[in-house]
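Notes follow once the structure below has been shown.
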Amino acid sequence: MSEQRPVTAQKPLVEVNGLKMYFPIHAGVLRRHVGDVKAVDDVSFTIYEGETLGLVGESGCGKSTCGRAVLRLYDPTAGSIRIDGQEIGTLSQSQLRPKRPLMQMVFQDPQASLNARMSVAAIISEPLDEHTKMSRDEKLARVYELMDAVGLNRDFANRYPHEFSGGQRQRIGIARALALNPKFIVCDEPIAALDVSIQAQVVNLLEDLQEKLGLTYLFISHDLSMVRHICDRVAVMYLGRIVELASRDTLYDAPLHPYTEALLSAVPEADPDAIGGKQRIILQGDVPSPANPPKGCNFCTRCPKVMEICKTVKPALKEHQPGHFAACHLLEDGTAARQ
Amino acid sequence: MTDSINTAKAAAAAASYRPPRNQWWDVWDQFRTHKGAMFGMCVFVLLIALVALGPWLWDVSATQTNMRMRNKPMSWEFPLGTDQLGRDILARVIAGGKTTLAVGLTAMCLSITLGATIGICAGFFRRADNILMRVTDLFLALPLLPLLLLMVMLFREPLVQSFGPELGIFLLIVTAIAMTSWMNTARIVRGEVLTIKEREFVLAARSIGTPARRIILRHILPSVLSPVMVAATLGIANAVITESALSFLGLGFPPDFPTWGRLLQDGMPYINLYPSRVLWPALALSSLVLSVNYIGDGLRDALDPRIRGR
């Protein structure tokens, strides 16, 4: 995890291009279409095989919607999603079904994402029931194998989700996601509902599994220190758009976008003296409504370095250094424009 | 903490990976611990046995009148007494139980199936929601008795001709009761489905690629079972009462055909003089409804793993 992998040499596994996910607003007596909540607005990124892409941003910026749209749990408004070279953005749900084993999801709330009326064995073998023709004994063997892989005692197979702690439940969720040997897993804030000591266990489990099985993760989180720990590259989202995308170390050491700077300065520090005299950047105001985003840059209402052009023209996501993308007018004349 | 780990390890070693047990054994184990449910089950089985085996044990005609033996009290000859036409009440209760149990249980099953199906479809499929719920409202708004009257008028003769008087009227009454009592179940189930289908485990099932019909069968249906159970137990009582009302109006079974509701209706005018004439059918009816209610209660608890284990 620690060594920086040569990103360009790898094969892209997931390519998302111009993904838009709008939720229509209907109002009035005739339920006319009066607007859209632009939860995800023109998002493009690539995830290479075996890497972990972190997707960070504040609450309501569209991270989870983006993750779910990539797995086609929502029907995206526009854009293309290619996984392992196959376009899945436009397939119907029935055409999509055979592709499901390739991509799986780990959910945020392990309490809610497991059916309380099914035993652990039934939960983990649900994907096997759907996609394989294994016999009952083969399924049981696979379930035990998966329970070993995620560190659950085999004897728990007969128990029900309410008998487990949060961390164990999340392990059940991970075992279910692994059942079909997927290549790509969307982790939708898998640690947000767990307490800190358990978070580390689950994240380490995810890392171990990645190493053993060569998994590719889209890791959605708002916990920046955890993202720094697990991810190879990080994308920062604000109000439905990616504002910055770079390899982990570049992003954390030298962020280009003012929003990323503000976000990083908000990370709590264990040792207050270590920050020295560095001031936190405190953003004023609230996030604008995704139903009515600002005309120019989405961040222009709160940006400490706002310029005239920001209020009228949306900045495009451009590569400013190799592998370092950002969408900001400050960077248009090269990085020299920054103070 | 360490204690619990040690005990867990010991338990694990002792059990040494027993294979997953069929869930229904757990359900049965829990059901057995529910005293009320077991009692209800016994009463229910007893009632069925009485109705099924009664004609062999008590070989007296339920329709034979005997004018000299009118309104007799309980005696060895007539264990539950006789009615105003001298018919043996025990024989009538046994004979009436057959019809009442059959009508009550069948009508309840039909009504629950219909209501649950419509409720689940309305809740799960957004497109069907509006039209199905308007149909439900329509049925709720219809005046019941005139509708039943109309159904009986239209279908009684053809049904009696093709299935014979007993089966024909049975089918007619069961359908009529089911058709007019599914709406509440449908509404309750729809509401429940609307909340459950937004839960993450349904989304998880969809991300696995489970098709809609199996999501419904595997995840939604078991979760809406408890309101359905409650509706079912109330449905039996409702069906029995509707059946007796229909018979009373002369639209159901013929007057000499005993049912528990019918016996009650017949006994009502004599309640001051001969209270036992109302008492026995009423007791049978109440124990039926109560036993089904307790069975439903026990089943609901047994089907929920969160309550099971306690």
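Protein chains in written order, with the UniProt record's numbering: chain A, 1 to 339; chain B, 1 to 310. For every residue, glycine included, the Cβ atom is placed at its ideal position computed from N, Cα and C. If you're wondering where the values come from, they're calculated on a predicted model, not measured in any experiment.
Measure from the C-beta of residue i to each C-beta in chain B and report whether the shortest distance is under 7 Å.
i: L114/A; result: yes
i: R100/A; result: yes
i: residue 340/A; result: Examination of residue 340/A is not possible in this model, given that chain A is present from 1 through 339 alone.
i: P272/A; result: no
i: R117/A; result: yes
i: P182/A; result: no
i: D148/A; result: no
i: E130/A; result: yes
i: D109/A; result: yes
i: Y252/A; result: no
i: residue 340/A; result: The structure shown does not extend to residue 340/A, since chain A is modelled only from 1 through 339, so no value can be given for it.
i: P127/A; result: yes
i: L73/A; result: yes
i: R97/A; result: yes
Would residue i and residue j be called neighbours here (beta carbons separated by less than 7 Å)?
i: A239/B; j: M108/B; result: yes
i: G252/B; j: I196/B; result: no
i: L53/A; j: S207/B; result: no
i: L146/A; j: A175/A; result: yes
i: R190/B; j: G123/B; result: yes
i: M105/A; j: A69/A; result: no
i: C303/A; j: P315/A; result: no
i: T65/A; j: V40/A; result: yes
i: V51/B; j: L101/B; result: yes
i: L47/B; j: L264/B; result: no
i: L283/A; j: A270/A; result: no
i: G104/B; j: I236/B; result: yes
i: V27/B; j: A302/B; result: yes
i: F260/A; j: H324/A; result: Here residue 260/A turns out to be Thr, not Phe, going by the sequence shown. No, they are not a contact pair.
i: V186/A; j: G67/A; result: yes
i: G209/B; j: R100/A; result: yes
Got a sec: is the Cβ-Cβ distance from residue i to anything in chain E below 7 Å?
i: G209/B; result: Within the model displayed, chain E is absent; protein chains A and B are what it includes.
Does the CB of residue i have a neighbour CB from chain A at under 7 Å?
i: F124/B; result: no
i: F31/B; result: no
i: R306/B; result: yes
i: P222/B; result: yes
i: A204/B; result: yes
i: E200/B; result: yes
i: H219/B; result: yes
i: G296/B; result: no
How long is the line joining the alpha carbons of residue i and residue j, rounded to whole angstroms?
i: I47/A; j: P255/A; result: 20 Å
i: I220/B; j: I230/A; result: 36 Å
i: I123/A; j: E189/A; result: 20 Å
i: P258/A; j: A204/B; result: 36 Å
i: Y217/A; j: G50/A; result: 8 Å
i: S125/A; j: A200/A; result: 26 Å
i: R306/B; j: K98/B; result: 38 Å
i: H222/A; j: V56/A; result: 5 Å
i: V135/B; j: I120/B; result: 14 Å
i: A91/B; j: T117/B; result: 39 Å
i: V45/B; j: L53/B; result: 12 Å
i: S247/A; j: Q279/A; result: 25 Å
i: F257/B; j: G267/B; result: 15 Å
i: Q339/A; j: E308/A; result: Legend: pLDDT at Q339/A = 41, less than 50; position of this residue unreliable, no value from coordinates given.
i: V287/A; j: T106/B; result: 59 Å
i: Q210/A; j: T113/B; result: 47 Å
i: Q321/A; j: S44/A; result: 17 Å
i: A192/A; j: L330/A; result: 33 Å
i: R70/B; j: L194/B; result: 59 Å
i: D304/B; j: M229/B; result: 12 Å
i: E332/A; j: P268/A; result: 31 Å
i: L245/A; j: S92/A; result: 30 Å
i: residue 333/B; j: A49/B; result: The displayed coordinates of chain B run from 1 to 310. Any statement about residue 333/B would go beyond what the structure contains.
Checklist entry - How do the stretch 133–150 of chain B and the stretch 178–188 of chain B stand: do at least 3 beta-carbon pairs fall below 8 Å, yes or no? => result yes
Next on the checklist: Quick check on the DSSP output: what are the complete beta strand (DSSP E) runs of length 3 or more inside the stretch 196–263 of chain A, in order along the chain?
Outcome noted: 216–220, 233–238, 241–247
Next on the checklist: With a threshold of 8 Å, are at least 3 pairs of Cβ atoms found where one atom belongs to the stretch 33–42 of chain B and the other to the stretch 290–298 of chain B?
Outcome noted: yes
Item to check | Cβ contact (3+ pairs, closer than 8 Å) linking the stretch 82–94 of chain A and the stretch 13–22 of chain A | outcome: yes
Checklist entry - Can at least three beta-carbon pairs, one atom from the stretch 79–93 of chain B and one from the stretch 58–65 of chain B, be found at a separation below 8 Å? => result yes
Next on the checklist: Can you confirm whether the stretch 214–228 of chain B touches the stretch 263–283 of chain B when touching is taken to mean that 3 or more C-beta pairs between the two stretches lie within less than 8 Å?
Outcome noted: no
Item to check | Meets three-Cβ-pair contact criterion under 8 Å: the stretch 140–156 of chain A and the stretch 111–118 of chain A | outcome: no
Item to check | Three-pair Cβ contact test at 8 Å for the stretch 234–243 of chain A versus the stretch 285–303 of chain A | outcome: yes
Item to check | Cβ contact (3+ pairs, closer than 8 Å) linking the stretch 146–162 of chain B and the stretch 219–235 of chain B | outcome: no
Checklist entry - Which runs of the alpha helix (DSSP H), 4 residues or longer, sit entirely within the stretch 15–83 of chain A? => result 63–70
Checklist entry - When the Cβ atoms of the stretch 148–157 of chain A are set against those of the stretch 169–186 of chain A, are three or more pairs found closer than 8 Å? => result yes
Checklist entry - What are the complete beta strand (DSSP E) segments, minimum 3 residues, inside the stretch 60–96 of chain B? => result none
Checklist entry - Quick one: complete alpha helix (DSSP H) runs, 4+ long, within the stretch 258–287 of chain B? => result 260–267
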